Every structure is written in C-alpha cells, then in structure tokens.
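Asker: So that we are looking at the same thing, I have put the structure below in structure tokens.
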Amino acid sequence: MFYSEFKKESTIDLTDYDSKVVEEFLRYIYCGTAYLTLENALLLIDLSRQFMIKGLTNFCVDFLVEKTEKDAKKLLQVYNQAVFLEEHEFIKQCLLKIKQHSKKLFESENELLLTLSKEAMKNLVDSDELMVYEPEIFEKVLQWICRNVRNGDKMKAFDEFKLLIRFPIMPVDELLGSVCDSKMLSDAEIVALLKYKQYGPKIETPFKTIQRNHSIRGIQTGLLFSYLIKLGWNVVYRNDQCYFTRKEELLRLKVNDYKGRLLCVCSKKKNYDYICLAAIDTMENVLEKTTDCNVVSKGGVEGLYWYFVEDHSFGFSNELKINLKNSFCDKEKGYQRLSWALSHNGRDPIYRVGDLSVKDSGQYDNDGNLICKNWENIILIL
55 MFYSEFKKES TIDLTDYDSK VVEEFLRYIY CGTAYLTLEN ALLLIDLSRQ FMIKGLTNFC
115 VDFLVEKTEK DAKKLLQVYN QAVFLEEHEF IKQCLLKIKQ HSKKLFESEN ELLLTLSKEA
175 MKNLVDSDEL MVYEPEIFEK VLQWICRNVR NGDKMKAFDE FKLLIRFPIM PVDELLGSVC
235 DSKMLSDAEI VALLKYKQYG PKIETPFKTI QRNHSIRGIQ TGLLFSYLIK LGWNVVYRND
295 QCYFTRKEEL LRLKVNDYKG RLLCVCSKKK NYDYICLAAI DTMENVLEKT TDCNVVSKGG
355 VEGLYWYFVE DHSFGFSNEL KINLKNSFCD KEKGYQRLSW ALSHNGRDPI YRVGDLSVKD
415 SGQYDNDGNL ICKNWENIIL IL
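Residue numbers (the numbering used here): 55 to 436.
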C-alpha cells in the first residue's frame with residue numbers, strides 16, 4: 055500500500071492534522087476505505103501524497119469530483135486546491151466537470167471564476183475542454199486581472215495569459231472591437247492577427263490556432279444551434295426532412311480540406327434553437343460507407359456507431375446491432391439513434407430522431423401526404 059519503505063525506528067509525525075482526519079487515514083490503511091466529507095477529503099489527499107498512498111489519493115479525488123460536479127462554486131473551490139497541490143489527474147478531472155458549467159461561468163455577470171488563483175485561472179484558460187465563445191474568455195481574463203491585480207502592472211499580468219487565448223479563431227469584428235479597445239495587444243499584434251484571418255496558416259502566429267472543445271465527440275443532446283454557430287461551427291448541409299438526402303450531397307463533404315475536422319450531424323425543428331439529437335465525430339468516421347446492411351462503422355469514441363448505406367439511409371446510433379436498410383423501424387427503439395432516408399420506400403416515414411418518427415409526431419395529413427417541413431437535417435463543421 056505504501057510506495058516507500060520506512061525504517062523500523064522511523065516515527066511518523068501526524069500532529070499537524072486533526073485527530074479525526076488521522077483516524078480516517080488509519081482506517082484506509084487498515085481497512086481499505088474511509089468515511090469522507092468535503093472537509094476531510096482534501097486533508098487526506100495531502101496526507102496520502104506525503105506518505106505516497108496513491109490509492110487513498112484516487113479515492114479522495116473521485117469522491118470530491120462526484121460530490122461537487124453539480125455545484126459550480128464548490129467545484130471551483132476543489133479545483134483551486136487541486137492546482138495548489140499540483141495533482142495533475144485531479145486537475146484534469148475537475149476541468150472535465152467545469153466544462154459542463156463553462157457557458158454560465160464565463161457570462162460577464164458571473165464572478166465565480168474571479169475567485170480562482172492565478173495558476174488555476176491560467177490552467178482553465180489554456181484548457182481545450184471549454185465550450186465557450188473565445189471573446190468571452192478574453193473578457194473574463196480582463197475581469198480576473200481587474201479584480202486580482204490591484205497594485206501591479208495589469209499589462210504584465212495579461213502577458214501571462216496572452217498566449218493561452220486563441221485570438222486567431224476570433225471573428226474579425228471582435229478583434230477590431232473589444233480586443234483593440236482593451237489596448238492589451240500591440241498594433242503590430244493586431245495587424246498580424248488580421249493577416250492571419252485573411253491568409254490563414256501561411257502567416258505565422260505565436261497564438262494557439264486550434265479550436266477548443268475537441269473532446270465533445272460523441273452523441274449529444276440539448277445543444278443549442280445558435281451557440282454552436284457562436285463557437286465557430288459552420289453549416290455545410292441543411293435541408294427539410296421532407297426532402298430525401300442524396301448520397302452525392304454527403305460525399306461532396308469528403309474532401310481533403312475537411313480531413314480530420316469535426317462534423318456535427320443533427321436534426322431539429324425549424325425555427326427552434328434546441329437541437330434534439332446530434333453526434334460529433336471526424337469527417338472520416340462520419341462519411342465512411344457501410345457496405346454490409348448488418349454492420350455499422352465504429353466511430354471515434356465509445357458508444358457511437360455510424361452508417362451510410364447507399365440508396366437506403368444515413369445516420370448514427372449508440373447500438374451496434376440495428377436495421378441499417380431503413381431510416382426507421384417500428385420494432386426498434388433507441389433514443390440515441392438518428393436516421394436520414396436516402397431513398398423513398400412507399401409511405402414509410404423517412405426520418406427518425408431518437409424514438410420520434412414522422413408517423414409518431416403526426417406529420418402525415420389525412421390523405422397520407424407528407425407534411426414534415428417543420429423539421430430539418432443539418433451538418434456543421436468546426
């Protein structure tokens with residue numbers, strides 16, 4: 055259990071710790087478990103690190119992340135301590151949970167992030183896990199500096215954050231607006247960024263150019279269409295669900311310029327922002343043809359399977375075994391399956407969004423004519 059050897063005459067000094075913390079420390083050593091609270095878990099991590107008991111460290115980290123993941127304030131307090139302890143796996147788990155709160159945390163009126171230490175704030179700003187509009191990250195950094203750098207050089211403080219902010223992916227109007235107005239970047243840096251926006255990778259830049267949120271691959275529910283657009287996603291295919299998708303429309307997306315980039319395949323009601331069901335994966339995985347109607351293509355993440363059966367259907371599922379020939383099958387249930395028909399099959403429904411079909415939602419009129427123009431299929435690229 056211990057990762058170092060103690061001499062027989064060694065004395066372990068635990069006088070700096072509360073007796074109840076020591077009791078749980080000893081309980082774990084002798085029983086392999088401990089009674090944890092938000093108060094004693096951090097102290098036990100410190101103890102376990104001091105005596106190199108990795109199992110107890112992991113036990114406490116899992117407890118803290120699970121108990122605070124729904125409370126942003128407590129989660130940030132725990133994250134602050136994780137950074138202070140320099141416990142890298144602990145930091146990583148906290149950042150993954152913070153991602154779920156990132157949209158609200160980066161709103162201008164939300165001040166919770168202003169309580170973070172400098173190192174904790176830098177780790178967060180540098181994270182690829184954030185699903186946040188980049189100018190909002192920039193504005194939050196300025197807020198943090200105004201709150202925490204009172205008697206020092208604010209420009210010098212910003213220099214520690216500057217290369218962590220992804221200015222090259224910001225819209226030009228934001229660069230010419232809030233970024234210029236802040237005076238935090240030099241005129242030369244602004245000009246260089248504008249050249250990068252015009253000419254792309256041919257122009258060298260010291261700033262990070264990769265989009266954030268690459269870890270969101272997989273099946274997603276509850277995304278907002280407007281927020282994806284704000285994050286830099288672009289629509290490359292959009293059509294009413296009463297029109298059949300042609301395979302040529304999908305195959306034209308299979309070009310070198312899109313190689314390795316993320317596609318988001320989704321369906322939603324027209325004039326609604328809420329996306330009912332979506333899946334995000336690389337272009338290569340999404341558009342891989344399915345040659346056997348009984349075999350799906352494994353996506354880039356666990357629990358995501360794609361299918362592209364020419365003249366039949368295109369879509370994804372969280373299940374390995376499904377009927378690939380049809381876009382919908384009454385006998386098959388699956389709230390994480392989406393299908394677009396690639397051919398007409400009598401009066402059968404031509405799409406499926408989870409357990410919802412055209413037939414389920416009453417999208418046929420009394421004469422059996424299809425009237426599902428209020429739904430649309432969309433593909434976006436990041």
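Glycine included, every Cβ here is placed at the ideal spot set by N, Cα and C.
None of these values were measured; they are calculated from a predicted model.
1. My understanding is that L307 touches A333, with C-beta atoms under 8 Å, so please give their C-beta distance in whole angstroms.
2. Return the CA-CA distance between D100 and D227, expressed in angstroms with no decimal places.
3. Just to confirm my understanding: we take E123, look at its own chain, exclude 5 residues before and 5 after, and list those with CB closer than 8 Å. What are they?
4. Counting beta carbon pairs with one atom in the segment 252-260 and one in the segment 279-291, are three or more of them shorter than 8 Å?
5. Determine the DSSP secondary structure at G400, reduced to helix, strand or coil.
6. Spatial neighbours of M337 within its chain, please: C-beta separation below 6 Å, excluding the five flanking residues on both sides.
7. Which partner residues of T336 appear in the DSSP bridge assignment?
8. If K172 sits next to L218, beta carbons under 8 Å apart, how far is it from one beta carbon to the other, in whole angstroms?
9. Could you compute how far the alpha carbon of E163 sits from the alpha carbon of H366?
10. Under 8 Å between the Cβ atoms of I199 and F212?
11. Quick one: give me the first and last residue of the beta strand (DSSP E) that N112 is part of.
12. From this set, Q131, I270, F160, N205, which residue's C-alpha is nearest E183's C-alpha?
13. Cα separation between S73 and L80?
14. Skipping 5 residues on each side, what residues in its chain have a beta carbon closer than 6 Å to that of Q274?
15. So the candidates are W360, E188, F261, K208; which of them puts its Cα closest to the Cα of L247?
16. Could you tell me the alpha carbon to alpha carbon distance between R401 and W394, rounded to whole angstroms?
17. What are the residues that DSSP puts in a beta bridge with P328?
18. Throw me the rounded Cβ distance for the Q147 and V179 pair, which I believe falls under 8 Å.
19. So what's V309 in DSSP terms, helix, strand or just coil?
20. Within its chain, find whatever has a CB closer than 8 Å to the CB of Y89; leave out the 5 residues flanking it on each side and keep chain order.
21. Should V309 be labelled buried (16 or more other beta-carbon atoms within 10 Å of its own) or exposed?
22. Give me, in chain order, the residues of the same chain whose beta-carbon lies closer than 7 Å to that of V340; leave out the 5 immediate sequence neighbours on both sides.
23. Would you mind sorting N325 into buried or exposed? The rule is 16 or more other CB atoms within 10 Å of its CB.
24. Out of curiosity, what's the CA-to-CA distance linking F368 and L396?
25. What's the C-alpha gap between F160 and G109?
26. For V119, which residues in the same chain have their Cβ closer than 7 Å to its Cβ, ignoring the five residues on either side in sequence?
27. Per the DSSP calculation, Y361 is bridged to which residue(s)?
28. Could you give the first and the last residue of the continuous alpha helix (DSSP H) run that contains N134?
29. Strictly by DSSP, which residues pair up with W429?
30. When we look at the beta-carbon of Q18 and count the other beta-carbons within 10 Å, is it buried (16 or more) or exposed?
31. Is the Cβ-Cβ distance between S236 and P189 less than 8 Å?
32. Can you tell which of E430, Y389, R220 has its C-alpha closest to the C-alpha of M185?
33. Figure out for me which residue from F279, V75, V363, E243 has the closest Cα to the Cα of K301.
Answerer: The answer reads as follows:
1. Residue mapping note: residue 307 aligns to position 253 of the sequence shown, counting from 1. Residue mapping note: residue 333 aligns to position 279 of the sequence shown, counting from 1. Rounded, the Cβ-Cβ distance is 15 Å, inconsistent with contact.
2. Against the sequence shown, residue 100 aligns to sequence position 46. Against the sequence shown, residue 227 aligns to sequence position 173. In this structure, the straight-line span from the alpha carbon of D100 to that of D227 is close to 47 Å.
3. Counting from one through the sequence shown, the residue named residue 123 turns up at place 69. Correct list, in chain order: L129, K151, Q154.
4. As far as the Cβ criterion goes, the segment 279-291 does not touch the segment 252-260, which means the pair count is below three.
5. The residue labelled residue 400 in the question sits at position 346 within the sequence shown. Unreliable positioning characterises G400 in this predicted model, as indicated by a pLDDT of 48, which lies under 50. The coordinate reading is nonetheless provided below. In this structure, G400 counts as coil in the three-state DSSP scheme.
6. The sequence position of residue 337 within the sequence shown is 283, counting from 1. Apart from the 5 residues on each side of it in sequence, M337 sits with its Cβ closer than 6 Å to the Cβ of Y312, R315, L317 in its chain, given in chain order.
7. For the purposes of this step, residue 336 is taken as the residue at position 282 of the sequence shown. Answer by DSSP bridge pairing, in chain order: L316.
8. Walking along the sequence shown from the start, residue 172 turns up at place 118. Walking along the sequence shown from the start, residue 218 turns up at place 164. In fact, because the Cβ distance is near 12 Å, the residues do not count as touching under 8 Å.
9. By one-based count along the sequence shown, residue 163 stands at place 109. By one-based count along the sequence shown, residue 366 stands at place 312. Taking the straight line joining both Cα atoms gives about 50 Å.
10. Locating residue 199 in the sequence shown gives position 145, where the first residue counts as 1. Locating residue 212 in the sequence shown gives position 158, where the first residue counts as 1. It is a contact, given that the beta carbons lie within the stated cut-off.
11. Position 58 of the sequence shown, counted from the first residue, corresponds to residue 112. Boundaries around N112 are those of the alpha helix (DSSP H), 108-122, since no beta strand (DSSP E) includes it.
12. Residue numbering aside, residue 183 sits at position 129 when the sequence shown is read from its first letter. Nearest in C-alpha terms to E183, of all of Q131, I270, F160, N205, is I270.
13. Stepping through the sequence shown from its first residue, residue 73 is reached at position 19. Stepping through the sequence shown from its first residue, residue 80 is reached at position 26. Here the alpha carbon of S73 sits roughly 10 Å from the alpha carbon of L80.
14. Counting from 1 along the sequence shown, the entry for residue 274 is found at position 220. Counting only Cβ-Cβ distances below 6 Å, and skipping sequence neighbours, we find A332.
15. In the sequence shown, residue 247 corresponds to position 193, counting from 1. Taking only the C-alpha atoms, the option nearest L247 is F261.
16. Counting from one through the sequence shown, the residue named residue 401 turns up at place 347. Counting from one through the sequence shown, the residue named residue 394 turns up at place 340. Caution is warranted here: a pLDDT of 47 is assigned to R401, below 50, making its placement in the model unreliable, and no coordinate value can be reported.
17. Position 274 of the sequence shown, counted from the start, is the residue given in the question as residue 328. Just to set this straight, residue 328 is Tyr in the shown sequence, not Pro. According to DSSP, Y328 bridges with L278.
18. Numbered from its first residue, the sequence shown carries residue 147 at position 93. Numbered from its first residue, the sequence shown carries residue 179 at position 125. Contact between Q147 and V179 fails: their C-beta atoms lie close to 18 Å from each other, not under 8 Å.
19. Numbered from 1 along the sequence shown, position 255 holds the residue referred to as residue 309. Of the three classes helix, strand and coil, the one that applies to V309 here is coil, per DSSP.
20. The sequence position of residue 89 within the sequence shown is 35, counting from 1. E78, R81, listed in sequence order.
21. For the purposes of this step, residue 309 is identified with residue 255 of the sequence shown, where counting begins at 1. Classification for V309: exposed.
22. On the sequence shown, residue 340 is found 286 positions in, with the first residue counted as 1. Excluding residues within five positions, the ones whose Cβ falls inside 7 Å are L317, V319, W360.
23. Position 271 of the sequence shown, counting from 1, holds the residue named residue 325. It counts as exposed.
24. Taking the first residue of the sequence shown as position 1, residue 368 is located at position 314. Taking the first residue of the sequence shown as position 1, residue 396 is located at position 342. Rounded to whole angstroms, F368 to L396 spans 7 Å at the Cα level.
25. Reading the sequence shown from its first residue, position 106 is the one you call residue 160. Reading the sequence shown from its first residue, position 55 is the one you call residue 109. Roughly 35 Å separates the two Cα atoms.
26. Translated into positions along the sequence shown, residue 119 becomes position 65. For V119, where only same-chain residues beyond five positions count, the Cβ hits under 7 Å are Q147, C148, K151.
27. Here residue 361 is taken as the residue at index 307 of the sequence shown, counted from 1. Looking at the DSSP assignment, Y361 forms a beta bridge with G369.
28. On the sequence shown, position 80 is the one that residue 134 refers to. DSSP places N134 inside the alpha helix (DSSP H), whose first and last residues are 126-139.
29. By one-based count along the sequence shown, residue 429 stands at place 375. Listed as beta-bridge partners of W429 by DSSP are K323.
30. Not covered by the structure: residue 18. The range shown for the chain is 55 to 436.
31. In the sequence shown, residue 236 corresponds to position 182, counting from 1. In the sequence shown, residue 189 corresponds to position 135, counting from 1. In this structure, P189 does not lie closer than 8 Å to S236 by Cβ.
32. Taking the first residue of the sequence shown as 1, we reach residue 185 at position 131. Taking each of E430, Y389, R220 in turn and checking the Cα distance to M185, the smallest one comes out for R220.
33. Here residue 301 is taken as the residue at index 247 of the sequence shown, counted from 1. Minimum Cα-Cα distance from K301 among the listed residues F279, V75, V363, E243 corresponds to V363.
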